[in-house]
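In my numbering, the protein residues as written are 6 to 138. Glycine included, every Cβ here is placed at the ideal spot set by N, Cα and C. Since we're looking at a predicted model, the values are computed, not measured. Heads up: the structure comes next, in structure tokens.
Encoded structure:
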């Protein structure tokens, strides 16, 4: 069953998208489309598969301004090519690989890329994976 999404803001403005791209470079198309529609969203109670033996829960997808602020704070730990785009349970992050648009789950108990797990090929795929819990 699809998960209901509660938008926090209207879609991102061209100015917000430009500010993001000036800092991080060109964002993948799937993420730009998501921001234009949902510039910050809180999904209802949900779960998604992180690995074959683990599920996670998406608490929030950041709006463009919040994603940029978290990226500035976390880039030394995550790397400059990884953009935090949401928060999962327990303070873990949902991240976007800027090179190819893949979505990563970052477990904060590990440093840098050691905590990264590929969870989806795109933001649209991630949102499609969410199931009511």
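Original post:
Among the residues of its own chain, which have a CB less than 6 Å from the CB of residue 21, if the five just before and after it don't count?
Top reply: Taken in chain order, the residues that qualify are 69.
Subject >> Three or more C-beta pairs below 8 Å linking the segment 58-75 and the segment 86-105 >> reply: With a cut-off of 8 Å on Cβ pairs, the segment 58-75 is in contact with the segment 86-105, counting three or more such pairs.
Original post:
Three-state secondary structure (DSSP) at residue 128?
Top reply: In this structure, residue 128 counts as helix in the three-state DSSP scheme.
Subject >> Spatially closest choice to residue 82 from 54, 119, 38, by CA coordinates >> reply: Comparing Cα-Cα distances from residue 82 to each of 54, 119, 38, the minimum goes to 119.
Subject >> Contacts around residue 123, its chain only, beta-carbon distance under 7 Å, and the 5 residues preceding and following it disregarded >> reply: Same-chain partners within the cutoff: 107, 109.
**OP:** Let me know if residue 133 comes out buried or exposed under the rule of 16 or more other beta-carbons within 10 Å of its beta-carbon.
**Re:** Sixteen is the threshold: since fewer than 16 other Cβ atoms of the shown chains lie within 10 Å of the Cβ of residue 133, the residue is exposed.
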